[in-house]
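Note that the sequence shown covers residues -20 to -1, 1 to 457 in mature numbering (1 follows the signal peptide of the UniProt record, and there is no 0). Written out below as structure tokens is the structure these notes cover.
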Amino acid sequence: MMTLSISFLLPLLTWLGSFAEPQPVVAAAADPVWVKETGAKTLPATKNTFLAAKYGAVADGKTLNTQAIQKAIDAAAKKGGVVTFAPGQYLTGSLFLKKGVTLRLDKGVTLLGSQDLKDYPDMPTRVAGLEMKWPAALINILDQDNVAIVGEGTVDGQGKPFWDNYWAMRKEYDPKGLRWIVDYDAKRPRTLLVANSSNVTLKGITLQRAGFWTVHILYSKNVTADGLVIRNNVGGHGPSTDGIDIDSSSYVLVQNCDIDCNDDNFCLKAGRDWDGLRVNRPAEYILIQNCVAGAGDGLFTCGSETSGGIRHVIARNLKAKGTKVGIRIKSALTRGGTVEDIVVDNIEMDGVGTAILMTMNWNPAYSYSSLPEGYTQETLPAHWKAMLTKVEPAEKGIPHFKDVTITNVRVTNAKTAISAEGQANSLLENMTLENITMTAETAGGINYGRGWHVKNINITAQDQEPVAVINSTGMKF
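Shown next as structure tokens:
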């Protein structure tokens, strides 16, 4: 059985304070070689400047400037250079950046996303783990190399009409047993998409009110997201407004970012179910550091799209205040894939729901697809058929979590300290928890674990119950 040191006298602490009795810090291991390879390795030349107004862009917040701004981008792509804007608000639909172009949004410049879906043309992509046709993002970097978006300006997705449409569809779909497909039928534009691209730099800009995910890095490598500010709870709480999603991509560097959204803040993904297993591309070699999260579903999340595998990840020096979950690894019993070699270090949390959460059976109503009576298979849309395709053999859909190291964590005012649940046929293996101090309403529990290594963990639980450990073996404390 598990025994933890439970200190009922440990005082609650303020968000920026330190613990009354300093805790020993686990010395950080030397970075693996791959860390130096993360992030963009080149930047576009900045000698030539292309002012969007010279191509017809109007900064009145009302004129649709899609064609004018795209002309400036295309001109910059011919010689290489920087697209710039005079201060003001520029309404636009989907824009497509090209090799050698920097989009510079200076302070006082705002790109306003069109609220008309027809201004975002459908294209082949992957969304929420499924390859399908979906609206282009507001800003797109597709099949390009050496591209940058920089500055102190703002990209405002103006997403509320898309949020409202989603909730209206939920009211229609849920009673029909179609919760599993509504997120794919309710088309909503992402704010910024990097797909099949390399050496991309995103630096300094503010993004807000995303219609769907904010920054989606898909099938790409050597991408830097540095100093981004994301604010998706302005004027409402948009569904699925993730902050930064790193999806089947590699050598990605995320740092100095500040996210307040209404879903996962910093999230790693690798495909869903049959379609994700078919694609079989991992998210790997990813460094996330020196970031903060406010509202949102998860400070640092792996999943639930795990089919291609998530591995070789370091998340360090992160803070969460009021986030639903702190550290979360989630999947479903049809996803498959392995989450492994994850290092999480030096994390501060205050007022979170669950500090550490692991589950292989996340959100069943959303995760599992079944066709209600009254539908004919032959007439279904292609993405419905893909979602309904069974993973065979079924064992291929069982996810695996192993080799996760969590160190130097300080948590105050959580509801639950730890909630970790594997499966009888897929144990949570070789987890390391070291130098962790938490105050919470309840300590929580661990189910189906094997080979956990726990050292110097102190949990103050208001209900004065220890962490409950069941169905677990080889646990070293």
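Yeah, the Cβ is synthetic: ideal placement off N, Cα and C, and Gly gets one too. Being a predicted model, the structure only gives us computed values, none of them experimental.
Supposed contact pair residue j and residue i - C-beta distance, whole angstroms, cut 8 angstroms
i    : j    : result
L77  : V130 : At roughly 12 angstroms, the Cβ-Cβ gap does not stay under 8 angstroms, so L77 and V130 are not in contact.
L122 : A205 : Not a contact, Cβ separation roughly 17 angstroms.
C271 : V234 : 7 angstroms
L75  : T46  : 7 angstroms
K79  : D125 : 6 angstroms
V319 : F381 : 5 angstroms
K156 : W114 : Going by Cβ atoms, the distance from K156 to W114 rounds to 22 angstroms, so no, they are not a contact pair.
A117 : R170 : 4 angstroms
M112 : H292 : 28 angstroms between Cβ atoms; not a contact.
T181 : L23  : 6 angstroms
CA nearest to the CA of residue i, picked from the options
i    : options                : result
T134 : S228, A190, R390       : A190
T303 : M329, S94, R291, D86   : M329
L198 : I185, S178, V214, D206 : S178
L31  : T46, Q50, V63          : V63
V324 : T90, T385, I378, L351  : T385
D321 : I309, L298, T314       : I309
M340 : T387, S311, N436       : S311
M338 : T419, Y428, T356       : Y428
G425 : E414, N438, E445       : E445
K87  : E132, N213, V305       : E132
I49  : I398, G317, I119       : I119
S399 : K456, S284, G333       : G333
V389 : M418, P373, A404       : M418
I161 : T18, I185, A108, G251  : A108
G331 : A37, K299, C247, T43   : K299
Y146 : I336, K156, Y164       : Y164
A9   : R296, A56, A117        : R296
A448 : R291, T396, D243       : T396
A335 : C247, V195, P344, V305 : V305
K435 : P67, N393, T387, V391  : T387
D243 : A404, G278, E264       : G278
V214 : P373, I185, K140, D225 : K140
G216 : L248, G256, W143, N202 : W143
C247 : L257, N212, D253, I290 : I290
G184 : H196, I294, P344, L85  : L85
I327 : E414, T43, L44         : E414
Same chain, Cβ closer than 6 angstroms to residue i, five either side skipped, listed in chain order
i    : result
R261 : S228, G288
G276 : C241, N245, T303
T412 : T385, H433
E401 : T339, N427
F65  : A32, V89
I416 : V389, I437
G251 : G109, V259, E285, S287, G288
I239 : I210, G223, N245, A273
Y265 : W14, S230, Y231, H292
I294 : L267, V323
A56  : F30, V63, V81
Beta bridge counterpart(s) of residue i as assigned by DSSP
i           : result
M418        : V391, I439
F246        : I224, F280
I197        : V174, I226
P115        : D102
residue 474 : Because the chain is modelled from -20 through 457, residue 474 falls outside the range shown and cannot be assessed.
Y70         : L91
L83         : V63, I129
L122        : A175
residue 474 : Residue 474 is absent from the structure shown; the chain starts at -20 and stops at 457.
V319        : I290, F381
H433        : T412, K456
N145        : According to DSSP, which records beta bridges pairwise, N145 is partnered with nothing at all.
G333        : G333 pairs with nothing; no bridge assigned.
E401        : T339, N427
T29         : V62
V305        : G278, T334
G38         : Inspection of the sequence shows that residue 38 is occupied by Val rather than by Gly. Paired residues: none, contrary to the question.
T181        : A128, T204
S406        : Q403
L187        : V135, I210
Own chain, CB closer than 8 angstroms to residue i, minus 5 neighbours either side, in chain order
i    : result
L92  : G41, Q69, Y70, L71, T72, D136, Q138
G346 : Strictly speaking, residue 346 in this sequence is Tyr, with Gly absent from that position. Excluding residues within five positions, the ones whose Cβ falls inside 8 angstroms are R159, W160, D163.
I378 : L313, G316, M340, Q403, N405, S406
K21  : N179, N202
Own chain, CB closer than 7 angstroms to residue i, minus 5 neighbours either side, in chain order
i           : result
residue 492 : Summary: the structure shown does not reach residue 492, with the chain confined to residues -20 through 457, and so no result is reported for it.
D443        : E421, T422
E1          : In this prediction, E1 scores a pLDDT of 40, lower than 50, which makes its location untrustworthy; the coordinate-derived value is nonetheless stated afterwards. Cβ within range, chain order: n/a, list empty.
Q) If we count Cβ pairs, one from each stretch, closer than 8 angstroms, do we get three or more for the stretch 213 to 226 versus the stretch 183 to 202? A) yes
Q.
I want to know whether the stretch 395 to 410 touches the stretch 440 to 455 - three or more CB-CB distances under 8 angstroms.
A. yes
Q) Is the stretch 141 to 158 close to the stretch 98 to 106, with three or more CB pairs under 8 angstroms? A) no
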